[in-house]
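Reviewing the structure listed below.
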Amino acid sequence: MLIEIKTHYLEMTSPGDLRPKPNSMQGLAIEQVARPTPEYNRFLYTAVGGDWYWTDRLPWTYQQWQELVDRPEFQTWVAYVSGSPAGYFELEAQSGGNVEIVYFGLLPAYIGQGLGGHLLTVAIERAWEMGASRVCLDTCNLDHPGALANYRARGFQVFREETASEEVPDYTPGPWPEANRI
């Protein structure tokens, strides 16, 4: 189906702009994936993004996933709650001192429990630790309804907005077609 998508591009230009949210979840550990693999990164991508129409990487080959995770400027971080994956984020160092939060989100079972603000805080802190002079990300109306508010609450500012029509499946792809978990 053809829908109108409004994309917000956000940035943070100083570590002092971060308004952190403390952790309130018992059993939380946020760890960098030391040896990312195509299988694990694809699992995270579909488990977190499948209900939000994250589809751009679905047709990727194993080799394309391997090339992504092998890049030295790319990092994957995972939030675990009592040993189970609860969410993740990807960071990518780019030219000009930019670090982009490429993907960010929670598995459906952990949405609405106060984890998103803290996980975003950690993502921003790790981006600054990579030597960023600017941390950026984008979100759109297909993402979780609270995403933009979370980004703004942590200190991001919108610097550009775009609206475009885009073809999306009739159902969210989920970790498997028509999962409809949220």
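Here the sequence shown is numbered in the working numbering, starting from 1 and rising by one per residue. Note that beta-carbon positions come from the ideal geometry of N, C-alpha and C, so glycine has one too.
My understanding is that residue i touches residue j, with C-beta atoms under 8 Å, so please give their C-beta distance in whole angstroms.
i	j	result
K6	N141	5 Å
F156	M12	5 Å
Taking only three categories from DSSP, how would you classify residue i?
i	result
V122	helix
V48	helix
R154	coil
Y9	strand
P108	helix
R71	coil
D17	helix
A183	The question about residue 183 has no answer here: the residues shown for the chain are numbered 1 through 182.
R42	helix
Check whether the Cβ atoms of residue i and residue j lie closer than 8 Å to each other.
i	j	result
G50	P169	no
I101	A132	no
L115	G87	yes
A29	Y80	yes
L10	L119	no
Name the one or two DSSP bridge partners that residue i has.
i	result
Q32	W77
V168	Partner(s): none; V168 has no beta bridge.
G87	A79 and L106
L137	L10
Counting contacts by CB-CB distance shorter than 8 Å, is residue i in contact with chain D?
i	result
W128	Given the protein chain composition of this structure (a single chain), no chain D is represented.
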